[in-house]
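Since the structure comes first, as structure tokens, the remarks are kept for the end.
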Amino acid sequence: MKLECRNVWKVYGRRPDFYFDSKGYTIEPDQLAERMAAEDHIPALIDATFDVHEGEIFMVMGLSGSGKSTLIRCLSRLIGANHGQIRLDGQDLLAATPKELIEIRRHKMGMVFQSFGLLPHLTVLENTAFPLKLQGIDRTAREEKAREMINLVGLEGREESYPHQLSGGQQQRVGIARSLAVGPELWFLDEPFSALDPLIRRQMQDEFLRLQQQLHKTIIFVTHDIMEACRLADRIALMRNGRIIQIGTPAEILLNPADAYVAEFTSEVSLGRVIRAGDMAQPGIADTGHPEVDADQPIEALLAGIGAGAQCFTVRPSGRYSGGRLEAARILQILGHSGHPARPAASQGIV
Amino acid sequence: MAQTHTLQDRARDPRVWAALLLFCILAAVISPSVPWLGAYPAKWTLPLETWINATLQPALEWVQPLSRLFAVGLETPLRALREALTWLPWPFVAVVVVALALRASRWGLAALAVLAQVYIVLVGYWPHSMNTLAIVLMSLPPAIAIGFALGAAATRWPRLETRVVAMLDAMQTFPAFAYLIPLLILFGFGPAAGLIAGVIFSIPPMVRNTMLGLQRVPDAVVESALMCGATPFQLFWQARVPVAKSQILVGVNQTTMASLSMVIIVAVIGGFNDIGWEVLSAMRGAELGRSLLSGLVIVAMAILLDRITFGFATTVAGQARPIGRNAFWTIVAAALISGIAFRLLVPEVDFQPDTLGRSLARSIDATLLQFVGATGNLFSALRDGLNYGLMIPLRIGLQSAATPAVWGFALQGWMVALYVIVTLAAAAFLARRNWKWAIALLFGTLFLATGVTRFPWPCFVALGLLLSFALGGGRLFLLTAGAMALILLSGMWMPFTQSLYLTGLAVLLCVTIGGAFGVLAAESDTVSRILRPINDALQTMPQFVFLIPALMLFRVGEFTALIAIMLYAIVPPVRYVEQGLRTVPAHLVEAAQQMGVTRMQMLWQVKLPLAAPVIRLGINQTIMAALSMLVIAALVGTRDLGQQVFIALGKANLGLGLVSGVAIALLAMVSDRMLRR
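The listed protein sequences correspond, in order, to chains D and H. Using the working numbering, the letters of the first sequence correspond one by one to residues 1 to 351. Using the working numbering, the letters of the second sequence correspond one by one to residues 352 to 1028.
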């Protein structure tokens, strides 16, 4: 387990620590949150508990005010939490001293920000080398490393440009290069693509997936865009009003939404593209003669086969998926009514 | 809490205001027969001045040995710098200035730098300007360092912030001449006192801009630096300060200009052969040509200092300048070394025309005298017209102005009746729209009838207190009450009303005239383009410069003071009215157009109401500018608090200076709070 987050609370108000100072009594999250709200305190993060595996893309997804920004800032210790434990490789981050924290950030963490956070007075090269400069690494060494990162994000040739001379997408590439310069194990991305145009955003998402295939970081990625979450995530944590309401793979969340809110939220997602053959495959092997597909194929890609008359598919194991058999009828069932009765009504309303 | 609310509501009740108005009219009518109503009796005052002198003077004298030692410590490097600057042949210094201009901006500024410096040399004021420049340069490092440290501390510890801001407000409203007095006692008559005054006067803009810049550093920058593993020290020096650099450099620019303004004003305490002293002695000797030529030297210095420092502030990272960093330092080093070598090898050549400046001054003097003589009638007609028609009635009232001695005729019964009837009719008309306007009009006509300085003082006090309570509540009420008490008890009532009348009139005229220009500038891009450089120039000038043309055209007197104050205070209304009108959201303007408004309706019913907050800020700035100019205008003859400060400075009377200085500061604070709300 790379990162463990246990019962983390962040409360704003006059005396937030007051709620956690008595030892030995069990906290009942819902009741406590209600009491805080009644007493002019704002529980921004309520009892967050989850694990992130090594090399996993863990998406935190929610609307504004849902607590996702608070969560990622607690994890990176940009703000302190009031209660709970956050363990990175077993070390409790909430108990780390300022000095230890600086060391952790210098070697284990990297973060990308929505509004880039580049230093306007430094060139692309100097911005990328900035974290290395803070560590006191000499100029040649840090610039060599920075150039490597700049090539990695495809900005070669722009080393001497200043941030204001770059487009938004290019600026975020610099942000990414900088966050990777120290070779972090844990990579935070706080809505990195939200400030970009839709086309550029799509490009950057592909780029991000390409990078991850190369680098295998452990990633916490915050977004408010459900499509982005489904496209990039290994697992998604859905947040609402400071609480994590569901954690699961995109397919789990789409196929078994925890409540009406989640269902409503995910209703816009095109299931055929997000759900992969491996998500639905059942153990066993189909009779010979059926078409074979890779487990990470989206089920949409299987429609042509169904149209050609296939009744069943043999799913080959791929990536994190194990293989199995998949019946065409189940695919059609999911794509048919998809469990979203609200959808036709809504589109009628618009027309 | 609830009770103060209801009380304040009551202070906004029209009936309360009507009652006060009646009381004031009654008092105004009976005041000629009740002596203590018209003028505050001298026997009711306290000897505040004497008390302050008796307590503070010994304290200051006690630290004097130490402070005089400090002064000597300051004057040694100052003298070294002055001598170095005047010792070097001017072309070499000029090359350094041109190199700075090229580094800060474009070739245009370099050309301006050449012209300005050649002008200064030609008129023979090079040594004087170098002396002034030396004091300014010496005052900058401490002012910048202290200002930056204060600003950084106030940003770091929010609890400190409110205190620092309050201190800045006090520093900027307290007239500079007033704190010059303790400085003179402490450090003696000499450049050290001027230097320290320059430092004190120029700290506030540095603090404000440092705070502004540091507070505006985006969170993402701070967070990203933290996530890169920055220590607190690295976070401050490698992320916050570089990001805020541009704003901090704007602070340096404003600090430089403030220091120049102060260093020039400080010349009144005595000559150290600087340019301010040249202007002052020329003005005192009524040498028009010399005062104009030396005044233009100040203008040239101000423009150069402003453009160069501002150019550095607005340089964007990666922007190309005519010369690179290495070329700049090479030029500077070469100029200095060859300058030193030249002076050592050829000591007798200094490239300065001996007589040109003086003969130029004499011929300009003659021309100006001719011009003033030829146009004298015109300008004195303008002066007398405004003086008799507006200023005297406002000061001593129609009842005293409309006499055979002043206006050539006495008030007839029918004139009074007509005045009253027209006033009442206008008030009745206004009252149907907004009772506040009617009340304001009635008070205005009452002031005009009795004169601001002869308005019964208890009515003044009551009006001030009620207004402050209605606008600002309990705290402002207490501040106003304290200010009134101080002014009355110290016997400053007459100078106070004089100040109120002079600044009030100046602000009124500035807001009317400047506001009209602002409207024009907002409506027409051409007008805006023409006005902008004029405004820039007026704002860059050291306050002192405004006295020169006013004095030249209108001679010594209150009218001249009014013109000088207006020249300095007219920029804010123009700027703020234009900005307020231009920043009205476009969608609201479009919505109004869609409804079919005329141009006038658009201005009066849409744009002006929406721009009101910005315009109010502009009026506030106008008042502050007028009050800060009040003390300097005292040089050309006024009878107000500014004159008291000036007299105190002449006599090194600490008590008088402090009391009248505090009175001006309080006047500024009260009007500021009333408008700011």
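C-beta: ideal position from N, C-alpha, C; glycine also. None of these values were measured; they are calculated from a predicted model.
Which residues does DSSP pair with C5 of chain D in a beta bridge? D:F50 and D:I86, per the DSSP bridge assignment.
Would you list, in chain order, the members of the stretch 189 to 209 of chain D that have their beta-carbon closer than 8 Å to a beta-carbon of chain H? Interface annotation for the stretch 189 to 209 of chain D against chain H: empty, criterion Cβ-Cβ distance under 8 Å.
Quick one: measure Cβ to Cβ for A803 of chain H and L745 of chain H, integer angstroms, because I've assumed they're closer than 8 Å. Rather than Ala, the amino acid found at residue 803 of chain H in this sequence is Val. Yes, they are in contact, since the Cβ atoms of V803 of chain H and L745 of chain H sit about 6 Å apart, within 8 Å.
Looking at the secondary structure, which residues open and close the beta strand (DSSP E) in which D190 of chain D lies? Start and end: L186 to D190.
Compare the C-beta of E103 of chain D with all C-beta atoms of chain H and state if any pair is closer than 9 Å. Closer than 9 Å to the CB of E103 of chain D there is at least one CB belonging to chain H.
Proximity to K847 of chain H [Cα-Cα], best of H:V957, H:T989, H:P893 and H:R906: Here residue 847 of chain H is Phe; the residue named in the question, Lys, does not match the sequence. Residue H:T989 is the option with its Cα nearest to F847 of chain H.
Grouping DSSP H, G and I as helix and E and B as strand, with all else coil, what is M59 of chain D? DSSP places M59 of chain D in the strand class (E or B) of the three-state scheme.
Please list, in chain order, the chain H residues whose beta carbon lies closer than 7 Å to that of Y261 of chain D. Result: empty, since nearest Cβ-Cβ is about 30 Å, beyond 7 Å.
Check the Cβ-Cβ distances between Q1088 of chain H and every residue of chain D, and say whether any is below 9 Å. This structure cannot speak to residue 1088 of chain H, because chain H is shown only from 352 to 1028.
Runs of 4 residues minimum, wholly inside the stretch 610 to 684 of chain H: which ones carry the alpha helix (DSSP H) assignment? For the stretch 610 to 684 of chain H, whole alpha helix (DSSP H) runs of length 4 or above, ordered along the chain, are 626 to 635 and 639 to 664.
Straight-line gap, A633 of chain H to A485 of chain H (C-alpha atoms, nearest Å): Cα atoms of A633 of chain H and A485 of chain H: separation of roughly 22 Å, rounded to the nearest angstrom.
Expressed to the nearest angstrom, what Euclidean distance is found between the alpha-carbon atoms of L817 of chain H and R826 of chain H? So the alpha carbons of these two residues sit roughly 13 Å apart.
Per DSSP, cross-strand counterpart(s) of C312 of chain D: Under DSSP, C312 of chain D forms a beta bridge with D:E327.
Applying the criterion that 16 or more other CB atoms from any shown protein chain within 10 Å of the CB defines a buried residue, is V351 of chain D buried or exposed? At V351 of chain D, the pLDDT of 29 sits below 50, so the modelled position is not reliable; the number obtained from the coordinates is stated separately. With a 10 Å radius around the Cβ and a threshold of 16 neighbouring Cβ atoms, V351 of chain D comes out exposed.
Cβ closer than 7 Å: which chain H residues qualify as neighbours of S76 of chain D? One finds M578 in chain H with Cβ atoms closer than 7 Å to the Cβ of S76 of chain D, taken in chain order.
The stretch 655 to 668 of chain H: which residues have C-beta closer than 9 Å to a C-beta of chain D, in chain order? Within the stretch 655 to 668 of chain H, the residues whose Cβ lies closer than 9 Å to some Cβ of chain D are V667 and A668, listed in chain order.
Would you mind working out which of D:L238, D:D234, D:Q213 and D:L215 sits nearest D225 of chain D, comparing C-alpha positions? The residue with the shortest Cα to Cα distance from D225 of chain D is D:L238.
Could you please give me the residues that DSSP links to F221 of chain D through a beta bridge? Paired residues: D:M59 and D:L189.
Reduced DSSP secondary structure (H/G/I, E/B, other) of Y162 of chain D: Residue state, collapsed to three classes: coil.
Measure the Cβ-Cβ separation of E56 of chain D and K108 of chain D and say whether it is below 9 Å. Contact flag unset, no.
Using a Cβ-Cβ cutoff of less than 6 Å, which residues in the same chain neighbour R73 of chain D once the five nearest sequence positions on both sides are dropped? Within its own chain, the residues whose Cβ lies closer than 6 Å to the Cβ of R73 of chain D, once the five positions on either side in sequence are excluded, are I79, listed in chain order.
8 Å Cβ shell around A467 of chain H - same chain, five flanking residues per side excluded: For A467 of chain H, where only same-chain residues beyond five positions count, the Cβ hits under 8 Å are A651, M652, I654 and L655.
G724 of chain H versus V594 of chain H: straight-line alpha-carbon distance, rounded: Taking the straight line from one Cα to the other gives about 57 Å.
Cα-Cα separation between L696 of chain H and P428 of chain H, rounded to whole angstroms: When rounded, the separation of the alpha-carbon atoms in L696 of chain H and P428 of chain H is 25 Å.
Taking G169 of chain D as the query, report the chain H residues whose CB atoms sit under 9 Å from its CB, ordered along the chain. Under a criterion of Cβ atoms nearer than 9 Å, no residue of chain H is adjacent to G169 of chain D; the nearest Cβ is some 17 Å distant.
Run down chain H in chain order and give the residues with a C-beta less than 9 Å from the C-beta of G157 of chain D. What G157 of chain D touches in chain H: nothing, since even the nearest Cβ is about 15 Å away.
For R235 of chain D, decide whether its Cβ has a neighbour in chain H, counting only Cβ atoms nearer than 9 Å. Chain H places no beta carbon closer than 9 Å to that of R235 of chain D, leaving this residue out of the contacts.
How far does the beta strand (DSSP E) with A756 of chain H in it reach, from first residue to last? Note, A756 of chain H: premise wrong, no beta strand (DSSP E); not H, not E.
Proximal residues, the stretch 474 to 506 of chain H versus chain D, C-beta separation under 8 Å: Against chain D - using a Cβ distance shorter than 8 Å - the stretch 474 to 506 of chain H contributes no residues.
CB contact check: P569 of chain H to chain D, cutoff 9 Å: By this cut-off, P569 of chain H is an interface position.
Using a Cβ-Cβ cutoff of less than 8 Å, which residues in the same chain neighbour V274 of chain D once the five nearest sequence positions on both sides are dropped? Short of 8 Å from the beta carbon of V274 of chain D, and not among the five residues preceding or following it, lie these beta carbons of its own chain, in chain order: C230, R231, P250, A251, L254 and P298.
Give the DSSP bridge partners of D294 of chain D, in chain order. Beta bridge pairing from DSSP links D294 of chain D with D:R316.
To test your reading of the DSSP string, which unbroken alpha helix (DSSP H) runs of 4 or more residues are found completely within the stretch 219 to 277 of chain D? Annotation note: the stretch 219 to 277 of chain D contains the following uninterrupted alpha helix (DSSP H) runs of length 4 or greater, listed N- to C-terminal: 226 to 232, 250 to 255, 260 to 265 and 271 to 274.
Pick from H:Q566, H:S731, H:P386 and H:I471 that is closest to Q703 of chain H, judged by C-alpha positions: Taking only the C-alpha atoms, the option nearest Q703 of chain H is H:I471.
Does DSSP put L1018 of chain H in a helix, a strand or coil? Correct three-state label for L1018 of chain H: helix.
Would a check of beta-carbon distances place A671 of chain H closer than 9 Å to chain D? False, the Cβ-Cβ gap to chain D never drops below 9 Å.
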